[in-house]
Amino acid sequence: MNWFNKEELVLVLLCAFPSYVLYVLTGSSLFAVMGLIASCSFIVFYSIRCDVFNLVLHLLQVLVCSLSLYWARHDAYLFAICASIICSFYIGFSRGDKKLITYGTFVMVPALYVANELYRQVDSGHEQVLYKYILYFPLLALPTLIFATGLSYLDKRPLLRFDKLWQFDSNINKVVETWLTAVAVFFSVGLTILIAEYYSIGHYEWIVWSAVSVSTGESIAMKKKVKHRILGTIVAVGFACTLSYHSIEYEFLGFLSVLLIPATVTLNNYFFAFTLRSFLTVFAASSIDFSVEKLVAVISGCIIGYSLALFMAQVHNKWMNEKKVQQ
1 MNWFNKEELV LVLLCAFPSY VLYVLTGSSL FAVMGLIASC SFIVFYSIRC
51 DVFNLVLHLL QVLVCSLSLY WARHDAYLFA ICASIICSFY IGFSRGDKKL
101 ITYGTFVMVP ALYVANELYR QVDSGHEQVL YKYILYFPLL ALPTLIFATG
151 LSYLDKRPLL RFDKLWQFDS NINKVVETWL TAVAVFFSVG LTILIAEYYS
201 IGHYEWIVWS AVSVSTGESI AMKKKVKHRI LGTIVAVGFA CTLSYHSIEY
251 EFLGFLSVLL IPATVTLNNY FFAFTLRSFL TVFAASSIDF SVEKLVAVIS
301 GCIIGYSLAL FMAQVHNKWM NEKKVQQ
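Residue 325 in full-length UniProt numbering sits at position 325 of the sequence shown, and the numbers go up by one each step.
Below, the structure written as structure tokens:
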């Protein structure tokens, strides 16, 4: 089995390298999260072979979405509505096309993480972090654009233009299915955010993304994702807590864990990638409370997302049966 693409992994690490350097020098976790933006944007280019214009547009969408979510973060209900609308658009309406799914997913993942990181740091009294994010964003995105442009010239295959990427299936069955998926994502995100606010779950992005990731796809795929995410979190939390207890050079290993998180996005095996990513996240924090919060968030998100997706699937099947009867 091909676990990962070596070329992609190396280039992803190179794209995120400036963010890694700033993270090590300053100790600010904002730069670690910004490394995720660079990694995700390059993966979008590498996976769907989009042109540089689409890549720039992708980076701008991450910036706008992250700032919008940060702005709405100060009010729980406003934030729930804002995040639900954004997620349902990027995830729900991209269901019909694998390229759009990749594009939309890697807008939402870094945007959610950055928005929460900005809110946490500003709430802790670091008011300048917002200006730092806007100032460093184009500089840290530059390596991604440089590598993407270079590969575009080296690889003579035609790239995916803007008008070819944003195309939707006009089949009525697919349209209905897309709308129902968008509705499932909308309510999943809104409900999980309100639950995260009520129970003071600091990393709301965990519960949100667990709900979103298991609420799209076929029934069998959703069940497999639920199993993989819950089992992967349990394994990751147990292993990370055990290793952090016995580790001597924890500070170095903690830095290394944060730096390797974006690299796990390139892994092809979902269970292994999610487990490794969860392990690195928990190990970098080295906190029992953090570990429990991670476990509760993932399980809660999976239950909510899967339940709503299952309900929408039943609605779709009922609509299909009624349509057949009418015919």
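Even for Gly, the Cβ is constructed at its ideal location relative to N, Cα and C.
Only counting the same chain, and skipping five residues up and downstream in sequence, which positions put a Cβ closer than 6 angstroms to that of residue i?
{"i": "residue 250", "result": "Because the pLDDT of residue 250 is 49, which lies under 50, any placement of that residue in the model is unreliable, and the question is left without a value."}
{"i": "residue 34", "result": "19, 140"}
{"i": "residue 17", "result": "none"}
{"i": "residue 120", "result": "none"}
{"i": "residue 203", "result": "none"}
{"i": "residue 61", "result": "107"}
{"i": "residue 23", "result": "31, 32"}
{"i": "residue 59", "result": "41, 141"}
{"i": "residue 45", "result": "55, 148"}
Using beta-carbon positions only, say whether residue i and residue j come within less than 9 angstroms of one another.
{"i": "residue 304", "j": "residue 207", "result": "yes"}
{"i": "residue 102", "j": "residue 309", "result": "no"}
{"i": "residue 110", "j": "residue 36", "result": "yes"}
{"i": "residue 212", "j": "residue 189", "result": "yes"}
{"i": "residue 30", "j": "residue 118", "result": "yes"}
{"i": "residue 225", "j": "residue 302", "result": "yes"}
{"i": "residue 133", "j": "residue 47", "result": "no"}
{"i": "residue 9", "j": "residue 266", "result": "yes"}
Which value, in whole angstroms, describes the spacing of the CA atoms of residue i and residue j?
{"i": "residue 113", "j": "residue 137", "result": "15 angstroms"}
{"i": "residue 144", "j": "residue 15", "result": "5 angstroms"}
{"i": "residue 192", "j": "residue 155", "result": "43 angstroms"}
{"i": "residue 4", "j": "residue 323", "result": "44 angstroms"}
{"i": "residue 129", "j": "residue 116", "result": "12 angstroms"}
{"i": "residue 28", "j": "residue 135", "result": "15 angstroms"}
{"i": "residue 242", "j": "residue 104", "result": "36 angstroms"}
{"i": "residue 176", "j": "residue 11", "result": "39 angstroms"}
{"i": "residue 79", "j": "residue 318", "result": "33 angstroms"}
{"i": "residue 6", "j": "residue 321", "result": "47 angstroms"}
{"i": "residue 209", "j": "residue 43", "result": "18 angstroms"}
{"i": "residue 69", "j": "residue 82", "result": "7 angstroms"}
{"i": "residue 127", "j": "residue 157", "result": "46 angstroms"}
{"i": "residue 199", "j": "residue 150", "result": "47 angstroms"}
{"i": "residue 13", "j": "residue 179", "result": "37 angstroms"}
{"i": "residue 71", "j": "residue 125", "result": "16 angstroms"}
{"i": "residue 123", "j": "residue 153", "result": "45 angstroms"}
{"i": "residue 38", "j": "residue 146", "result": "11 angstroms"}
{"i": "residue 50", "j": "residue 25", "result": "33 angstroms"}
{"i": "residue 214", "j": "residue 90", "result": "15 angstroms"}
{"i": "residue 268", "j": "residue 221", "result": "15 angstroms"}
{"i": "residue 245", "j": "residue 21", "result": "27 angstroms"}
{"i": "residue 293", "j": "residue 311", "result": "27 angstroms"}
My understanding is that residue i touches residue j, with C-beta atoms under 8 angstroms, so please give their C-beta distance in whole angstroms.
{"i": "residue 282", "j": "residue 274", "result": "With 8 angstroms as the limit, residue 282 and residue 274 do not qualify as a contact, their Cβ atoms being about 12 angstroms apart."}
{"i": "residue 148", "j": "residue 64", "result": "Residue 148 to residue 64, Cβ: 20 angstroms. No contact."}
{"i": "residue 195", "j": "residue 300", "result": "7 angstroms"}
{"i": "residue 297", "j": "residue 201", "result": "6 angstroms"}
Can you tell me where the alpha helix (DSSP H) holding residue i begins and where it ends?
{"i": "residue 52", "result": "52-72"}
{"i": "residue 84", "result": "76-87"}
{"i": "residue 8", "result": "6-26"}
{"i": "residue 266", "result": "Per DSSP, residue 266 belongs to no alpha helix (DSSP H) and is neither H nor E."}
{"i": "residue 205", "result": "204-214"}
{"i": "residue 152", "result": "129-154"}
{"i": "residue 36", "result": "29-48"}
Excluding the 5 residues preceding and the 5 following residue i in the sequence, name in chain order all residues of the same chain whose CB lies nearer than 7 angstroms to its CB.
{"i": "residue 279", "result": "236, 239, 240"}
{"i": "residue 228", "result": "270, 271, 274"}
{"i": "residue 362", "result": "The chain is shown from 1 up to 327; residue 362 falls before or after that span and cannot be answered."}
{"i": "residue 205", "result": "112, 113, 116"}
{"i": "residue 73", "result": "79, 115, 119"}
{"i": "residue 197", "result": "76"}
In chain order, what residues of the same chain have a beta carbon less than 8 angstroms from the beta carbon of residue i, not counting five sequence neighbours either side?
{"i": "residue 186", "result": "84, 85, 87, 88, 92"}
{"i": "residue 295", "result": "233, 234, 237"}
{"i": "residue 315", "result": "180"}
{"i": "residue 131", "result": "none"}
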